[in-house]
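Chains as they are written, first to last, in the working numbering: chain A, 1 to 329; chain B, 1 to 559.
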């Protein structure tokens, strides 16, 4: 029990530290939301009358006159209530609404893509590792090159090839906007169709990492004595590969998978830019560009909680899966 | 105008990605656009999803001013037109400019069926005055309904120059709905009710649709539906244009000169509007430091520029000539002062003049070819937003050009946030930006924004928008005088315009580069009635409000 309590305590401290950094880092950025808004309006041919600035200052409450310490205390209090404040760049929408509108898209797209990439990488890695020395080994440099190619470039090439030229997939957006949103068949099939290409780019660029890790673990596991024993017992090769080798070889990858699940939320900035996909990534960009502290804090908090939560889950599960980690403590 | 230019022209690379991808043939969807042939698909440059907000008084409004909520009159900023009637039919000022009488149209209706009356106008104006957070026009008058179709607005002091804001940018809202709202500045108006030619049909974060208002007093517009789509920025805007998924966007595309060839069915129009200039932190007394606080240096830079080369290299020749008095050479032709030394800035460099100015100011050329005074080199830093590729090209080219004139210019790329902060606080030597126009086709507005000592502040405090820290008693006096003269009375106004322009030319707090063009691309095969250079009935920017509503009213689906 002490093992779990200590883990929980550690995560609470980490959460507090993250939340505190989350408060201070955005405030170190130059600029303030009102001036950014003014500069934007001016670019759009808007009137830059000084009274415009005054009215926006009043509207956005840019300068509340509170000291930093007061702001910090009220920030912590609000966080406890789940109140992230009002987004300046989508004024007067609440940060929680802005995030709530975008988050499902990101989780569905990037979450699915990460899961597919993980399962595919593990399966291929198992196979390639088991058949080491055969022609299958050439898969490794192939997928590693794809993983090394900058993601946005790969995504642009695929978009140009598969959407613009071959017209297999829609180019931009998350769904056909002329359909009505909801759980109806045309909308869902349109959303799935729009999601295939972005998901494909993520899978292609990340499957190599899983494959390489799994393959190498398979190779070293295959040299273990218990594999030899299993062979000597005359077990079927497929049974040895899956039940004996792969199960043990997958342990490090499972830990890696949990961490990457945490980064699902933040990993979507590039995908969303290339494919104009709705989601949290473009909101994060919007927040940073507009000095929208509240929205930035909200999104960073979601990311932090996702990363910490995923790690906590793995830590706890690991104790179950692999009793050695518990015993040493 | 967002200035991010397409950097990666796509290459189709077949072999490289031939991975035997598990692709079964999925049919192509209609993509970002969709919709029938009578739907106009507009892209305003929105990056990321829309957040619903149809409150015309909110800075984050996504549309509505002009389309759903109408002003009393439409002011065409692109051409010297008479204000066009919308909800108003006529207006007149008294001699002193303290009383504005407006006649309203009797036949307008709100889209919920209620009748539009003078009470709505009075309610709207009172609401603006009572809510400082909504009063972005600085309105301080008192409105009274004379009868159902007449409103009288009185002011304490002559207020001719406030006319275009009140008549052209105050969006009239229905009293019977808005009087029930506790905090009108914070409401997002999910179901906007207006008098305008369009109504909200449907909202989704990735797109929203406006449809023709059948009860519109001018008859339902020929354009039946407008869909505004959200994409991730200029690059995807250009892609969508290429794929024929959007019908109207404003912003540069590669190879602008050949739009009709590269995008079959599309046409482009470029309208000179905002004046690109090197903003200088000009006033040492307000805390500016650096060589640019000396007018001689600013004028030397002005003469050393090769504007023809800048236009070709940085702006795809979409810019045009600029007047050092900051009146627009085409639109304000009649107002450009005859007393200016240069009516238009020279398009070719005049190095002899630059040299003469610097020598007279006590500079001597060093062995490295750079001027110096009292041991200090004539070296300046110019700030530019990273990612604004046309401006970056412009200042990099300028650095080469100024080297020939013995001036060292260092380009510093900074983030958008840092740049706008430095600009507001005056913590820069030079930066590249544009002087923008006001609510009416009159240079009075840019003068009063950018050149008045009332809109500036010492370095360290935020100035808005006189970022150059320019202070000149004569200009201030001329601006005050102009405020009290009827805009119709051009003969009486001209001497003051002359004063302002000559003073600006002498001091050059904003070193004129070129008049920047705003380029829009539109689908001329699907719709007719677009503004042209010969008939510029509205400023043709899709993000211009209420300008875009005027264009929507003129469009007809092509048969």
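From the three backbone atoms N, C-alpha and C, an ideal C-beta is built for every residue, glycine too. These numbers come from a predicted model, not from an experiment.
query	result
Are the CB atoms of residue 194 of chain B and residue 110 of chain B within a distance shorter than 8 Å?	yes
When we look at the beta-carbon of residue 350 of chain A and count the other beta-carbons within 10 Å, is it buried (16 or more) or exposed?	The first residue shown for chain A is 1 and the last is 329, placing residue 350 of chain A beyond what the model contains.
Run down chain A in chain order and give the residues with a C-beta less than 8 Å from the C-beta of residue 168 of chain B.	Near residue 168 of chain B there are no residues of chain A at all, since even the closest Cβ is about 10 Å away, more than 8 Å.
What span of residues does the beta strand (DSSP E) with residue 202 of chain B cover, start to end?	198-204
Whose Cβ in chain B lies nearer than 9 Å to the Cβ of residue 184 of chain A?	Near residue 184 of chain A there are no residues of chain B at all, since even the closest Cβ is about 14 Å away, more than 9 Å.
What residue range does the beta strand (DSSP E) around residue 273 of chain B cover?	266-280
Could you give the distance in angstroms between the alpha-carbon of residue 47 of chain B and the alpha-carbon of residue 238 of chain B?	13 Å
Would you list the one or two residues that DSSP bridges to residue 379 of chain B?	B:408
Is any beta-carbon of chain B found at less than 8 Å from that of residue 98 of chain A?	yes
Please report the straight-line C-alpha distance between residue 296 of chain B and residue 361 of chain B, rounded to a whole angstrom.	6 Å
Please report the distance separating the alpha-carbon of residue 55 of chain A from that of residue 260 of chain A.	44 Å
Cβ atoms of residue 235 of chain B and residue 522 of chain B: under 8 Å apart, would you say?	no
Taking the alpha helix (DSSP H) that residue 272 of chain A falls in, what are its first and last residues?	269-275
Only counting runs of 4 or more residues, tell me where the alpha helix (DSSP H) segments fall wholly within the stretch 288-365 of chain B, in order along the chain.	295-304, 307-314 and 351-360
Let's test the definition: count the other Cβ atoms within 10 Å of the Cβ of residue 133 of chain A and tell me whether it reaches 16, buried, or not, exposed.	exposed
Under a Cβ-count criterion, where at least 16 other Cβ atoms within 10 Å of its own Cβ denotes burial, should residue 67 of chain A be classed as buried or exposed?	exposed
In the DSSP assignment, the beta strand (DSSP E) including residue 91 of chain B goes from what residue to what residue?	88-93
Taking 8 Å as the cut-off, decide whether the C-beta atoms of residue 241 of chain B and residue 497 of chain B are in contact.	no
Could you tell me the boundaries of the beta strand (DSSP E) in which residue 520 of chain B lies?	510-523
Quick check on residue 226 of chain B: does DSSP put it in helix, strand or coil?	strand
Residue 321 of chain A by DSSP, collapsed to three states: which one?	helix
Give a yes or no on contact between the stretch 163-171 of chain A and the stretch 209-229 of chain B, applying the rule of three or more CB pairs nearer than 8 Å.	no
On the CB-based measure, 16 or more other CB atoms within 10 Å of its CB, does residue 247 of chain B come out buried or exposed?	buried
Applying a beta-carbon distance threshold of less than 8 Å, which residues of chain B neighbour residue 286 of chain A?	47 and 48
Tell me where the beta strand (DSSP E) around residue 130 of chain A begins and ends.	No beta strand (DSSP E) contains residue 130 of chain A, which is instead part of the alpha helix (DSSP H) from 95-130.
Are the C-beta of residue 283 of chain A and some C-beta of chain B separated by less than 8 Å?	yes
Would you report the Cα separation of residue 545 of chain B and residue 146 of chain A, rounded to the nearest angstrom?	46 Å
Compute the beta-carbon to beta-carbon distance between residue 59 of chain A and residue 148 of chain B, rounded to the nearest angstrom, for a pair I have assumed lies under 8 Å.	Residue 59 of chain A to residue 148 of chain B, Cβ: 33 Å. No contact.
CA-CA distance, residue 534 of chain B and residue 273 of chain B?	16 Å
What separation, rounded to the nearest whole angstrom, lies between the Cα atoms of residue 348 of chain A and residue 52 of chain B?	Outside the displayed span of chain A (1 to 329) sits residue 348 of chain A, for which this structure offers no information.
Cβ closer than 7 Å: which chain B residues qualify as neighbours of residue 58 of chain A?	132 and 133
Please list the residues of the stretch 216-236 of chain B that have a C-beta atom closer than 9 Å to any C-beta atom in chain A, keeping them in chain order.	227, 229, 230, 231, 232, 233, 235 and 236
Taking C-beta pairs closer than 7 Å, name the residues in chain B that residue 181 of chain A reaches, listed in chain order.	204
In chain order, which alpha helix (DSSP H) runs of at least 4 residues are fully inside the stretch 186-245 of chain A?	225-233
Residues in its own chain within less than 6 Å of residue 90 of chain B by CB, not counting five upstream and five downstream?	103
Determine contact between the stretch 500-514 of chain B and the stretch 465-475 of chain B, defined as no fewer than three beta-carbon pairs at a distance below 8 Å.	yes
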